[in-house]
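Numbering (our numbering), first residue to last: 14 to 615.
Cβ coordinates follow ideal geometry from the N, Cα and C atoms, glycine included.
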Ligand code: ASP
Ligand code: MG
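See below:
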């Protein structure tokens with residue numbers, strides 16, 4: 014007999030008829046010989062309705078009372094589902110988060126789960142009952158026994174945490190879409206259902222997938238090796254499996270307080286090629302990386318940022334063995350990029366073998382400001398200068414001088430409490446049938462800030478991002494590029510990053526203050542941007558993926574403003590007005606578009 018955790022979202026229990034349908038499915042799963050814990054969300058949009066009521070009373074209600082209010086939504090649906098099951102002759106009992114013993118930290122409205130007491134659950138399961146648990150809520154540790162909630166969308170997290178604590182065979186998330194799609198079907202109707210996706214890919218697609226699956230739920234599934242399936246409540250189709258490799262054994266106590274960073278990676282076998290002052294127009298990146306992939310050279314990091322005088326720098330890293338080829342291709346291309354009418358200085362190619370890449374990775378950094386800042390601070394305190402920075406949802410990579418690699422790795426392992434650093438994932442460990450690109454995401458809610466002429470010495474990035482973390486601003490993409498300008502005898506570099514649009518002004522003001530003390534140049538804010546990303550574990554060791562991405566954009570004459578990468582993700586910032594077009598053509602270019610349209614509820 015298998016133990017299964019099922020979770021039904023708000024739409025799936027939105028009406029009495031739907032609750033009855035859910036009860037049928039639950040009863041059927043029991044008849045197939047399973048024992049069942051069912052987690053439910055509040056009916057339909059009732060959480061939003063409750064938020065609305067609170068707002069009619071106060072523009073800024075206290076978080077404790079909000080938890081008291083919002084947790085009632087789930088209490089309604091657990092009772093009704095339990096009744097519906099009993100009506101079918103299926104013994105069932107409903108329990109709130111507190112009754113189960115879902116113990117969380119005492120952080121109202123965003124509590125993380127510390128542990129789940131399974132004794133009462135097991136007792137009822139042994140009695141042959143289906144246990145219906147209120148999602149999204151828990152009870153604080155300590156004496157006060159406060160009702161807490163996990164944050165909007167948190168029922169997924171409750172379900173996966175229950176599956177981990179009970180060592181369930183699988184966790185099924187029932188929702189109103191058929192599973193995880195290759196992109197947002199409301200923008201690209203040709204989006205297709207994926208049969209499978211790895212938890213790592215899912216996390217990198219957080220901006221695409223977050224509405225379908227809470228990233229914290231994916232993090233727990235990955236950490237504890239839970240089989241997670243996302244499927245439709247309206248059909249019997251198999252949905253999408255979110256897979257994880259077998260995890261290292263870890264304790265269930267402090268369940269969600271897993272470390273924000275769970276790996277430090279170093280790679281000394283890298284060399285850097287940078288093309289400086291190339292014209293800022295569509296097609297340049299496509300041409301460069303197209304040539305490189307025709308030579309079958311696989312690139313690792315790619316970084317492009319915006320600069321003054323309408324020129325860009327593109328820098329990339331390759332393994333040292335192929336540096337000569339990469340350099341030759343870049344040199345051959347450079348003349349065609351020179352003497353642009355708009356350029357005040359000429360394009361130039363530089364190479365550097367003396368570099369190393371250090372990276373921190375971990376799902377826990379999503380939505381937790383300050384992790385990148387801590388990395389930069391740690392490196393600064395050790396006197397390590399950062400030459401380039403590139404980030405993704407779950408990774409921050411820095412290019413540093415090779416001689417400083419050992420020291421960097423040691424201080425980072427200490428700072429993030431990691432036993433030893435490792436080599437990055439190699440293509441050898443990726444099964445060959447994995448598609449190079451799994452999904453494409455568009456994020457239209459970001460703004461870009463560029464700080465010009467930041468002095469090139471250790472500690473600058475640490476100060477900037479430390480300050481933003483203090484203001485509780487989550488920084489998304491961070492790019493520190495190659496270009497070095499000497500101003501009053503001090504070498505400087507530009508640093509650009511993106512934040513949620515709503516945070517752009519706060520970020521600008523904070524940094525303007527800091528700018529006076531660190532002596533950097535102008536701060537440029539652009540809110541009219543969009544970020545398009547491709548994600549896929551199969552792109553590791555597969556040359557030509559970046560080239561295909563960039564050339565799909567070039568064909569449509571879409572200019573790339575910034576590029577940033579991790580091993581399994583490439584993101585480009587483009588003008589906001591071109592975001593939808595970019596998403597559509599890139600999705601098409603990777604053959605992800607299908608003929609059948611997926612039905613998505615409005
Ligand atoms: N009802 C809560 C919300 O709407 C939790 C959930 O549905 O996951 O955010
Ligand atoms: Mg949800």
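**OP:** Please go through the same chain and pick out, in chain order, the residues whose beta-carbon is closer than 6 Å to the beta-carbon of residue 18, but skip the five residues on each side of it.
**Re:** The count along the chain shown starts at 1 and reaches residue 18 at position 5. The answer, listed in chain order, is 50, 172, 175, 176, 181, 184.
Original post:
With respect to 7 Å, is the separation between the Cβ of residue 110 and the closest non-hydrogen atom of the ligand ASP below this value?
Top reply: Residue numbering aside, residue 110 sits at position 97 when the chain shown is read from its first letter. No, the ligand ASP has no heavy atom inside 7 Å of this Cβ.
**OP:** Please specify which runs of the alpha helix (DSSP H), each continuous and at least 4 residues long, are wholly inside the segment 165-230, giving them in chain order.
**Re:** The segment 165-230 is shown to contain whole alpha helix (DSSP H) runs of 4 or more residues at 168-179, 212-217, 219-222, in chain order.
Original post:
residue 292 to residue 359, Cα distance in whole Å?
Top reply: Counted from its first residue, the chain shown places residue 292 at position 279. Counted from its first residue, the chain shown places residue 359 at position 346. Approximately 10 Å between the Cα atoms of the pair.
Original post:
So which of 252, 239, 369 has the shortest CA-CA distance to residue 279?
Top reply: Within the chain shown, numbered from 1, the residue matching residue 279 stands at position 266. Taking each of 252, 239, 369 in turn and checking the Cα distance to residue 279, the smallest one comes out for 369.
Subject >> Contact the segment 157-173 vs the segment 106-119: 3+ CB pairs below 8 Å >> reply: Contact between the segment 157-173 and the segment 106-119 is present, with at least three C-beta pairs closer than 8 Å.
Original post:
Roughly how far, in whole angstroms, is the beta-carbon of residue 371 from the beta-carbon of residue 426, given that I think they are within contact range, below 8 Å?
Top reply: Looking up residue 371 in the chain shown gives position 358. Looking up residue 426 in the chain shown gives position 413. Actually they are not in contact, since the Cβ atoms of residue 371 and residue 426 sit about 10 Å apart, beyond 8 Å.
Subject >> Given 8 Å, three or more beta-carbon pairs between the segment 463-482 and the segment 385-395 >> reply: Contact between the segment 463-482 and the segment 385-395 is present: three or more C-beta pairs spanning the two stretches fall below 8 Å.
Original post:
Which residue comes first and which comes last in the beta strand (DSSP E) that contains residue 510?
Top reply: On the chain shown, position 497 is the one that residue 510 refers to. DSSP places residue 510 in the uninterrupted beta strand (DSSP E) bounded by 503-513.
Original post:
The beta strand (DSSP E) spanning residue 522 covers which residue range?
Top reply: Along the chain shown, one-based indexing puts residue 522 at 509. Note, residue 522: premise wrong, no beta strand (DSSP E); alpha helix (DSSP H) at 517-531.
Original post:
the ligand ASP heavy atoms versus the CB of residue 302: any closer than 7 Å?
Top reply: The residue you call residue 302 lines up with position 289 of the chain shown. Answer for residue 302: no, Cβ out of range of the ligand ASP.
Subject >> Continuous alpha helix (DSSP H) assignments of at least 4 residues falling wholly in the segment 520-595 >> reply: Listed in chain order, they are 558-568.
Original post:
Whose C-beta lies closer than 6 Å to the C-beta of residue 411 among residues of the same chain, with five residues either side of it excluded?
Top reply: Here residue 411 refers to the residue found at position 398 when the chain shown is read from its first residue. Excluding residues within five positions, the ones whose Cβ falls inside 6 Å are 371, 399, 402.
Original post:
Using the rule of at least 16 other Cβ atoms within 10 Å of the residue's Cβ for burial, across every protein chain shown, is residue 313 buried or exposed?
Top reply: Your numbering for residue 313 matches position 300 in the chain shown. Its Cβ being crowded by 16 or more others within 10 Å, residue 313 is buried.
Subject >> Beta bridge counterpart(s) of residue 370 as assigned by DSSP >> reply: Locating residue 370 in the chain shown gives position 357, where the first residue counts as 1. Residue 370 is bridged to 280, 412.
Subject >> 6 Å Cβ shell around residue 431 - same chain, five flanking residues per side excluded >> reply: Here residue 431 is taken as the residue at index 418 of the chain shown, counted from 1. Cβ within range, chain order: 277.
Original post:
Counting only runs that start and end within the segment 58-109, where is the alpha helix (DSSP H) found for 4 or more residues in a row?
Top reply: Correct list: 59-70, 76-100.
Original post:
Can you check whether the CB of residue 146 is closer than 8 Å to the CB of residue 133?
Top reply: Within the chain shown, residue 133 is the residue found at index 120, counting from 1. Within the chain shown, residue 146 is the residue found at index 133, counting from 1. In this structure, residue 146 does not lie closer than 8 Å to residue 133 by Cβ.
Original post:
For the candidate residues 586, 542, 455, whose alpha-carbon lies nearest to that of residue 197?
Top reply: The sequence position of residue 197 within the chain shown is 184, counting from 1. For the residues 586, 542, 455, the minimum Cα distance to residue 197 belongs to 455.
Original post:
Should residue 93 be labelled buried (16 or more other beta-carbon atoms within 10 Å of its own) or exposed?
Top reply: Sequence index remark: in the chain shown, residue 93 carries index 80 (1-based). Around the beta carbon of residue 93, a 10 Å sphere encloses 16 or more other beta carbons of the protein chains shown; the residue is thus reported as buried.
Original post:
Nearest to residue 483 by CA position, among 578, 520, 507, is which residue?
Top reply: Here residue 483 refers to the residue found at position 470 when the chain shown is read from its first residue. Distance check between residue 483 and each of 578, 520, 507 places 520 closest, using alpha-carbon atoms only.
Subject >> Selection from 264, 14, 449, 587 that minimises the alpha carbon distance to residue 294 >> reply: Working through the chain shown from its first residue, we reach residue 294 at position 281. The residue with the shortest Cα to Cα distance from residue 294 is 587.
Original post:
Helix, strand or coil: which one does DSSP assign to residue 378?
Top reply: Here residue 378 corresponds to residue number 365 of the chain shown, with the count starting at 1. Of the three classes helix, strand and coil, the one that applies to residue 378 here is helix, per DSSP.
Original post:
So, helix, strand or coil for residue 293, using DSSP?
Top reply: Taking the first residue of the chain shown as position 1, residue 293 is located at position 280. Three-state result, residue 293: coil.
**OP:** Determine, using beta carbons only, whether residue 581 and residue 548 come nearer to each other than 8 Å.
**Re:** Taking the first residue of the chain shown as position 1, residue 581 is located at position 568. Taking the first residue of the chain shown as position 1, residue 548 is located at position 535. With contacts defined as CB atoms closer than 8 Å, residue 581 and residue 548 qualify as a contacting pair.
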